[in-house]
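Enquirer: In my numbering, the protein residues as written are 89 to 264.
Don't be surprised by glycine CBs; every beta carbon is placed ideally from N, CA and C.
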């Protein structure tokens, strides 16, 4: 399974591609950013759509995961982010990829272990989990984290490495 993770933005959209190997380990494939030009929103949305389409055609993912929009203090920023997210989703849907969505809280919990993690913690854990030689740029790290989150939540994820289940002690007393 090859997963494309997207961290949407109206100016910078991060992308990260990981493979889920047969043994359940994650393998880094690629990451980077799609940069939209300054100017009107239509040109920026087209750049996001075209950039994500190019990433999909280049890396041939089988799954598409994207961060859900959160409500920001600035409504205008939230609307622009939602539009950029829609352009990215449209690119994936147009190329018939199944699209999964995760909140920032879900992504941070899957990667760092807590939802209140900051950008540096996410970057550090992505670097460690994917055994990268350097720290990825913040938007690319967020996209890789989204892909890692999907790897842990994917349907049919029985092949993924999971922590060992704790043995539950029976509350019933055995006869003596």
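Taking 7 Å as the cut-off, decide whether the C-beta atoms of residue 167 and residue 157 are in contact.
Expert: no
Enquirer: With a CB to CB cut of under 7 Å and the five nearest residues on each side skipped, what residues in its chain are close to residue 232?
Expert: 93, 104, 106, 119, 214, 218 and 224
Enquirer: Buried or exposed for residue 155, please, with buried defined as at least 16 other CB atoms from any protein chain shown within 10 angstroms of its CB.
Expert: Residue 155 is buried by the Cβ-count criterion.
Enquirer: Indicate the three-state DSSP secondary structure (helix, strand or coil) for residue 151 in the structure shown.
Expert: Here residue 151 sits in strand by DSSP.
Enquirer: Taking the alpha helix (DSSP H) that residue 210 belongs to, which residues open and close that run?
Expert: Residue 210 -> alpha helix (DSSP H) spans 207–217.
Enquirer: Can you look up residue 113 in the DSSP assignment and give me helix, strand or coil?
Expert: coil
Enquirer: Based on the DSSP secondary-structure assignment, which residues constitute the bridge partners of residue 189?
Expert: 154
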